[in-house]
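Visitor: The structure that follows is given in the form of structure tokens.
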Amino acid sequence: MKKLIAQIMKFGVVGVIAFAIDYGLLALLTEAFGVNYLVSATISFTVSVVFNYVASMRYVFKHKEGMSRRREFVIFVVLSIIGLVINNACMWAGVELLGVHYLIVKIGATFIVMVWNFVTRKIFLDAGDEPGEILSDIE
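8 is the number of the first residue of the sequence shown in the working numbering; add one for each residue after it.
This is the structure:
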């Protein structure tokens, strides 16, 4: 359980930095350059994913033996693309359907995608404790 808590804390630090990159670039592109918020969200999300990959695989998750870095990166990208779809769906629904400002919606979208990212990366990319072991530690 201690390992899981430490890992979640490391994930949180990486996530805060990635969020700052994502949120800052989103605001900059939309406000300063007049880029549509969904285009800005896609660009900023993509830039933050590159940082997140490097930092997460170096500091948060253990490399799985027998998995090539290429395969690891492909899995990371596929999971991130699904995260991007979730992010942009939340952004669109919050702004277009609910009428909430895009920078406020981004905070909620980030939380939802963060949960997606941790759970799926833990399952598919981490060589640490298996998900079943984690659940038995919690009980």
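All C-beta atoms, glycine included, are put in the ideal place defined by N, C-alpha and C.
#1: What do you reckon, are the CB atoms on ASN95 and ALA48 nearer than 7 Å?
#2: LEU105: buried (16+ other C-beta within 10 angstroms of its C-beta) or exposed?
#3: Since MET98 and VAL112 are thought to touch, with beta carbons under 8 Å apart, how far apart are those beta carbons, to the nearest angstrom?
#4: So what's ALA13 in DSSP terms, helix, strand or just coil?
#5: Could you tell me the alpha carbon to alpha carbon distance between LYS129 and LYS69, rounded to whole angstroms?
#6: I'd like to know whether the C-beta atoms of SER55 and LEU33 end up nearer to each other than 7 Å.
Guide: According to the structure data:
#1: yes
#2: exposed
#3: With 8 Å as the limit, MET98 and VAL112 qualify as a contact, their Cβ atoms being about 6 Å apart.
#4: helix
#5: 9 Å
#6: It is not a contact, given that the beta carbons lie outside the stated cut-off.
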